[in-house]
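Converting from the sequence shown to this note's numbering requires adding 8 to each position, the first position being numbered 1.
Positions of the beta carbon are idealized from the N, C-alpha and C atoms, including for glycine.
Note that this is a predicted model, so its numbers are computed, not measured.
Below is one structure, written out as structure tokens, with a few remarks after it.
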Amino acid sequence: MVSSENNKPTVDELLAKARKPAQLSPSMHRFYEGKMQVIPKCAIRNIDDFAVWYTPGVAAACREIQANTDKSFELTNRWNYVAVVSDGTRVLGLGDIGPEAAMPVMEGKALLFKYLGGVDAFPICLRTKDPDEIVRICKALEPSFGGINLEDIEKPKCFEILEKARSEMQVPVWHDDQQGTATVILAGLINAFKLVGKNPKESLITLVGSGAANIRTAYVLMQWGVKPGNIILADSKGVMHTSRKDITKEEDPWKYDVTQKTNAEGRTGDLEAAFKGVDAVVAASKPGPNTIKKEWIQSMAKDAIVFACANPIPEIWPWDAQEAGARIVATGRSDFPNQVNNSLGFPAIFRGVLDVKAKTVTDDMCIAAAYELAGYAEERGMSENDILPRMDEWEVFPREAVACALKSIEQGVARVKPSKQELYERASAIIRNARDSTELLMKQGLIKQPPKESELLR
């Protein structure tokens, strides 16, 4: 049991708090019968307007698009539509639960897209696990969407699907479990290293866990400028190194590739060995609280940085990490300092690439978003317990969107090229509209207030 002294909650209290959302969730979902709906955005003054919005007038818009398919980004809402595509094979911590059971998560993703980024996102859960078929479906959906968000797809096929779809499609394709996680981790590391006074591009960084999140984080860190040899990855069997016979190109080409590029010193050993002398550890692995042990952190370099990102329980309690010598600790939870949350990334990144009608989204755009997230926190004041923006600091989202849009223009993949000011005003207006619309619908009773917790828990 963790002591309740110094306002530290007990393990039982933390577990009770962690369980409450799950206890409320089925009743809340049943009450609202889902989380998203489709409502008009055009004026309907009287029945005559349907002659413009539908037949016969709509044919004129169709003919313009037939002559130039890029006009679909101007004459329809395609510019703001994103498909949230999943096969349900790796949903949160639940695993392969199937496409129907994945729907609540994809609807939740669509809700965050709308409220935080003003993006109209649609959950699309597929009854196929075949990677080629998933790519084919994404390509078939392309005429209706300005972007594709891949979600909760098991590895290693998630890497294959992302790379193939990105190369074969002319709209941004993104896998949030990879790129979204890597973006926010990078933002947190930028500020954490500033606070401890170390150069991250010369430091040793260990990534604990070899899933989609940390494999992509490794690539993004390398793209950002961290020396590949200074990155050490570890999985459940210990340090990943080139002599390990169980890491093969045939079974997992991306894990194999990153193993070939990292760990220049050729470090070997169990998980504990991955901590010795390193400056930062980013864990995206098995929920704790004893996945990472205090004595391992004690073996890290001075002023150590520890991101324990597993949910609902981090790999190590933050206070245990600090007592073991970590100077900065982040987790995936909102009730602890320094939450590392994908929601800081994907809504604004898509807002940016959609606003320039980009043809792709790149890791460089993730890096641009990470810099903006880090910069926002630094400008408004950061500390060792406050290294990242919070989700309720909505002003960061337009800024992040602009950074991604400008990077799209710089990389030559934008269909339109508004000015920085135009991009900021547009993103701000769209995001404010989404938030204000929700608030207005609630005030008018068109979105019902939920029952009291006591009624939901009956």
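Check, Outcome
"Distance between Leu215 and Gly106 (C-alpha atoms, nearest Å)", "29 Å"
"Close-in-space but distant-in-sequence residues of the same chain around Tyr123 (CB under 7 Å, 5 per side omitted)", "Ala442, Arg443 and Thr446"
"C-alpha gap between Val337 and Tyr264, whole angstroms", "29 Å"
"Phe358 to Gly333 span [Cα, whole Å]", "38 Å"
"Outcome for Pro139 when other beta-carbon atoms lying within 10 angstroms are tallied against a minimum of 16", "buried"
"Beta-carbon contacts of Leu467 that lie in its chain and below 8 Å, excluding the five residues immediately before and after", "Residue 467 lies beyond the range of the chain shown here (9 to 466); nothing can be said about it."
"Beta-carbon proximity of Thr270 to Ala226, cut-off 8 Å", "yes"
"Of the listed residues Arg407, Phe130, Thr136 and Leu170, nearest to Gly154 (C-alpha basis)", "Phe130"
"Residue interval of the beta strand (DSSP E) (run including Val93)", "Tyr89 to Ser94"
"Neighbour-count burial assignment, Met9, 16 or more Cβ in a 10 Å radius", "Note that Met9 scores 39 on pLDDT, short of 50, meaning its location in the model is unreliable and no value can be drawn from it."
"Those runs of the beta strand (DSSP E) which lie wholly inside the stretch 27 to 108 and span at least 3 residues", "89 to 94"
"C-alpha distance - Lys49 paired with Ala422, whole-angstrom precision", "25 Å"
"DSSP state of Gly196 mapped onto helix, strand, coil", "helix"
"Beta-carbon gap between Leu134 and Ile142 smaller than 8 Å", "yes"
"Residues sharing a beta bridge with Asp311, DSSP", "Beta-bridge pairing links Asp311 to no other residue."
"Pairwise C-alpha distance: Val60 and Leu102", "47 Å"
"Bridge partner(s) assigned by DSSP for Leu215", "Leu241 and Val290"
"Exposure of Ala67, with buried meaning 16 or more beta-carbon neighbours within 10 Å", "exposed"
"Endpoints, alpha helix (DSSP H) assigned at Leu158", "Careful: Leu158 lies outside any alpha helix (DSSP H), inside the beta strand (DSSP E) at Gly155 to Leu158."
"DSSP beta-bridge partners of Asp128", "Tyr89"
"Gln306 classed as buried or exposed, judged by whether at least 16 other C-beta atoms fall within 10 angstroms", "exposed"
"Separation of Val289 from Leu32, as counted between CA atoms", "34 Å"
"Between the CA atoms of Ser35 and Leu22 - distance to the nearest angstrom", "22 Å"
"Residue span of the alpha helix (DSSP H) that contains Arg144, given as start and end", "Pro139 to Leu149"
"Extent of the continuous alpha helix (DSSP H) run through Ala272", "Unbroken run through Ala272: none, as it is neither H nor E."
"Proximity below 8 Å, CB of Thr267 to CB of Leu241", "yes"
"Supposed close pair Cys317, Gly360 - CB separation, criterion 8 Å", "That belief does not hold up - the Cβ atoms of Cys317 and Gly360 are roughly 24 Å apart, past 8 Å."
"Residue burial classification, Leu352 (beta-carbon count within 10 angstroms, cutoff 16)", "buried"
"Segment limits, beta strand (DSSP E) that includes Arg335", "Ala334 to Thr339"
"Proximal residues to Asp328 (C-beta, below 7 Å), its chain only, five neighbours per side dropped", "Lys302"
"Range of the contiguous beta strand (DSSP E) that encloses Val181", "Val181 to His183"
"Pick from Gly125, Lys202 and Arg98 that is closest to Glu392, judged by C-alpha positions", "Lys202"
"Backbone secondary structure at Gln306 - three-state DSSP", "helix"
"According to DSSP, residues forming a beta bridge with Cys166", "Partner(s): none; Cys166 has no beta bridge."
"Three-way DSSP call (helix, strand, coil) for Cys133 in this model", "strand"
"Lys310 versus Gln452, Val286 and Lys460, residue with shortest Cα-Cα distance", "Val286"
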